[in-house]
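Have a look at the structure below before the remarks.
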Amino acid sequence: MEFDVCVVGAGPVGGTLACRLAAGGARVAVVDRAALPPMEHPDFDGRAYAVAAGSRRLLEEAGLWARLPYPVGPILDIRVSDGRVGRRASPLHLHFDHVEAGAGPFGWMVEARSLRVALNARLNDGAGVTVFAPGDAVVERGADRAKVRVGGQSFTCALVVAAEGRQSPLRSQAGIGVTRVPYKQRGLVAAIAHERPHEGVALEHFLPAGPFAQLPMAGTAEAPNLSAIVWTEREGLAERIVDLPEPAFAREVRRRLGGHLGELRPVGRRWLYPLGALHAARYIDTRLALVGDAAHGIHPIAGQGLNLGFRDVMALADGVLGALGRGEDPGSDAVLRGYQLRRRPDNLAMLGATDALDRLFSTDLRVVRTVRDLGIAAVHRLPGLKRAFMRAAMG
860 MEFDVCVVGA
870 GPVGGTLACR
880 LAAGGARVAV
890 VDRAALPPME
900 HPDFDGRAYA
910 VAAGSRRLLE
920 EAGLWARLPY
930 PVGPILDIRV
940 SDGRVGRRAS
950 PLHLHFDHVE
960 AGAGPFGWMV
970 EARSLRVALN
980 ARLNDGAGVT
990 VFAPGDAVVE
1000 RGADRAKVRV
1010 GGQSFTCALV
1020 VAAEGRQSPL
1030 RSQAGIGVTR
1040 VPYKQRGLVA
1050 AIAHERPHEG
1060 VALEHFLPAG
1070 PFAQLPMAGT
1080 AEAPNLSAIV
1090 WTEREGLAER
1100 IVDLPEPAFA
1110 REVRRRLGGH
1120 LGELRPVGRR
1130 WLYPLGALHA
1140 ARYIDTRLAL
1150 VGDAAHGIHP
1160 IAGQGLNLGF
1170 RDVMALADGV
1180 LGALGRGEDP
1190 GSDAVLRGYQ
1200 LRRRPDNLAM
1210 LGATDALDRL
1220 FSTDLRVVRT
1230 VRDLGIAAVH
1240 RLPGLKRAFM
1250 RAAMG
């Protein structure tokens, strides 16, 4: 068997890359350690992705957007505020309005299970993609081709893509070093049903322990008013909060969110993640490209981690499909160097910006709080700068 590209890792980034390449005419193999059943209907588990406007176009091109089985929630406005737990937010705030931006929604909240169902259905429909799962990829990369073995099967390809996440074995095999920035924080992810409608407004509320985000989801029959919560908290306290009984957990959410959505109740599971940033010394090696978390990871303060991975997909797919269209080698050094040149500056800039924002806002020093509140208010009153932030949010 021969393929143009083998994608190792079928998560949101790797799976979307495989679908986008196949939609463009490439022959694609996908290897994943987990089974990828073509008909999967998992229960709601409390997780959702914030998909920027630019990323939606990618999902459409990959044939995934139309396959999403559950409604998506548009993010129409974004409100940024600063404060302390249990107290009113500072009156100095920043509000992004999609009407003012002169475009559609800033993004959409997509349930994690919805994207998984769409990916599995597309990967198994036989249109340009061959799935090897569950299985482990054993990769030998040469100057002209790469050989991949999965169990008793083997094939060759022009390019191998590492999309296995932050602990990427292929990255380690290639001897690519990683710079890591640990944060003494945990990310708590959950969903809440609430009494009043969110009106499509997302909230980013900065607190001394880290940002607290409420993101508007599409409602369900059981929970017509539904939001995702992405909550940064200090180590130790986060572990205690995630295990609280539902009434106590809802009270802790309300202390940070405020009362504008009325009564709250948790929905689905709660998830806790260690937070840290990382960046690979390079994104490429002979016949190898790193994408998504295998190449970079950032603090969730801006909600852009997955969207950065989707931008990797766009850049690499452009290079690979462009080479195939010209009858050239899709795994050549020229294609790989072009991909790295497009993506490293953007990813490094976002890593630096999110790291700086976390350090600036995760403190309760009065002088720092005053300066940042004035900065938030200044951006709100400067139309040109505000529009630049809105364009960045849309991806």
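The sequence shown maps to residues 860 to 1254 in my numbering. Just so you know, even glycine gets a beta-carbon here, dropped at the ideal spot from N, CA and C. Computed from a predicted model, the values in this text were never measured in an experiment.
When you compare only the Cα positions, how much space is there between residue 1049 and residue 923? The count along the sequence shown starts at 1 and reaches residue 1049 at position 190. The count along the sequence shown starts at 1 and reaches residue 923 at position 64. Cα to Cα, the separation comes out at about 24 angstroms.
Looking at the secondary structure, which residues open and close the alpha helix (DSSP H) in which residue 974 lies? Taking the first residue of the sequence shown as 1, we reach residue 974 at position 115. Looking at the DSSP string, the run of the alpha helix (DSSP H) that includes residue 974 is 971-982.
State the CB to CB distance for the pair residue 1153 and residue 991, rounded to an integer number of angstroms; the pair is presumed to be in contact (CB under 8 angstroms). Your numbering for residue 1153 matches position 294 in the sequence shown. Your numbering for residue 991 matches position 132 in the sequence shown. Not really, about 18 angstroms apart at Cβ, beyond 8 angstroms.
Run of the alpha helix (DSSP H) containing residue 1173, from where it starts to where it stops: For the purposes of this step, residue 1173 is identified with residue 314 of the sequence shown, where counting begins at 1. It spans 1164-1184 - the alpha helix (DSSP H) in which residue 1173 sits, taken as one unbroken run.
Helix, strand or coil, according to DSSP, for residue 904 in the structure here? For the purposes of this step, residue 904 is taken as residue 45 along the sequence shown, with counting starting at 1. Reduced to three states, the DSSP call for residue 904 is coil.
Just how far apart, CA to CA, sit residue 896 and residue 983? By one-based count along the sequence shown, residue 896 stands at place 37. By one-based count along the sequence shown, residue 983 stands at place 124. Cα-Cα distance, rounded: 8 angstroms.
Secondary structure of residue 965, DSSP reduced to three states: Start at 1 with the first residue of the sequence shown, and residue 965 comes out as number 106. Of the three classes helix, strand and coil, the one that applies to residue 965 here is coil, per DSSP.
On the DSSP letters alone, give me the boundaries of the alpha helix (DSSP H) that residue 1101 sits inside. Working through the sequence shown from its first residue, we reach residue 1101 at position 242. Note, residue 1101: alpha helix (DSSP H), 1096-1101.
Classification of residue 1099 by the beta-carbon crowding that lies within 10 angstroms, buried from 16 upward: For the purposes of this step, residue 1099 is taken as residue 240 along the sequence shown, with counting starting at 1. Result: exposed.
Considering only residues of the same chain and omitting the five flanking positions on each side of residue 917, which have a CB-CB separation below 7 angstroms? One-based indexing of the sequence shown puts residue 917 at position 58. 875, 879, 1169, 1172 and 1173.
Apart from the five residues on each side of it in sequence, which residues of its chain come closer than 6 angstroms, Cβ to Cβ, to residue 810? Nothing about residue 810 can be read from this structure; the chain reaches only from 860 to 1254.
For a minimum of 3 consecutive residues, which ranges assigned as the beta strand (DSSP E) are wholly contained in the region 1026-1087? 1037-1053, 1060-1066 and 1069-1076
Short of 8 angstroms in beta carbon distance, which residues of its chain neighbour residue 1103, apart from the five on each side in sequence? Order them along the chain. Your numbering for residue 1103 matches position 244 in the sequence shown. Result list for residue 1103: 1111, in chain order.
Report yes or no: do the region 1005-1023 and the region 1073-1082 share at least 3 C-beta pairs separated by less than 8 angstroms? no
Where residue 1075 and residue 976 are concerned, what is the direct C-alpha to C-alpha distance, given to the nearest angstrom? For the purposes of this step, residue 1075 is taken as the residue at position 216 of the sequence shown. For the purposes of this step, residue 976 is taken as the residue at position 117 of the sequence shown. The straight-line gap from Cα to Cα measures roughly 21 angstroms.
Status (buried if at least 16 other CB within 10 Å, exposed otherwise) for residue 871: The sequence position of residue 871 within the sequence shown is 12, counting from 1. When all chains shown are included, residue 871 counts as buried.
Note down, in chain order, each residue of its chain lying with its Cβ closer than 7 angstroms to the Cβ of residue 883, except the 5 sequence neighbours on either side. Residue 883 sits at position 24 when you count from the first residue of the sequence shown. Result list for residue 883: 1176 and 1180, in chain order.
Contacting residues, own chain, Cβ-Cβ under 6 angstroms from residue 910 (five flanking each side not counted): Residue numbering aside, residue 910 sits at position 51 when the sequence shown is read from its first letter. Once the five neighbours on either side are set aside, the close Cβ partners of residue 910 are 966, 967 and 969.
Can you give the beta carbon distance from residue 926 to residue 981, rounded, assuming they're within the 8 angstroms contact cut? Along the sequence shown, one-based indexing puts residue 926 at 67. Along the sequence shown, one-based indexing puts residue 981 at 122. Going by Cβ atoms, the distance from residue 926 to residue 981 rounds to 6 angstroms, so yes, they are a contact pair.
Which residues share a DSSP beta bridge with residue 1124? Numbered from its first residue, the sequence shown carries residue 1124 at position 265. Residue 1124 is bridged to 1052.
Alpha carbon to alpha carbon, what distance is there between residue 1059 and residue 912? Stepping through the sequence shown from its first residue, residue 912 is reached at position 53. Stepping through the sequence shown from its first residue, residue 1059 is reached at position 200. Near 15 angstroms, if we compare the C-alpha coordinates of residue 1059 and residue 912.
Quick one: what's got a C-beta closer than 6 angstroms to residue 1068's C-beta in the same chain, skipping five residues either side? Here residue 1068 corresponds to residue number 209 of the sequence shown, with the count starting at 1. Around residue 1068: 1092 and 1093.
Same chain, Cβ closer than 6 angstroms to residue 1015, neighbours up to 5 away in sequence not counted: Counting from one through the sequence shown, the residue named residue 1015 turns up at place 156. Taken in chain order, the residues that qualify are 861, 1004 and 1006.
With 16 other CB atoms within 10 Å as the buried threshold, where does residue 1119 fall? As a first step, residue 1119 must be located in the sequence shown, where it is residue number 260. Counting Cβ neighbours within 10 Å, residue 1119 comes out exposed, since fewer than 16 surround it.
Residue 943 in three-state terms, based on DSSP: As a first step, residue 943 is located in the sequence shown; it is residue number 84 there, counting from the start. Reduced to three states, the DSSP call for residue 943 is coil.
Taking residue 1161 as the reference, which of 1063, 921, 1139 and 1095 has the closest Cα? One-based indexing of the sequence shown puts residue 1161 at position 302. Per the Cα distances, 1063.
Quick check on the DSSP output: the alpha helix (DSSP H) that includes residue 923 runs from which residue to which? Looking up residue 923 in the sequence shown gives position 64. No alpha helix (DSSP H) holds residue 923; DSSP gives it neither H nor E.
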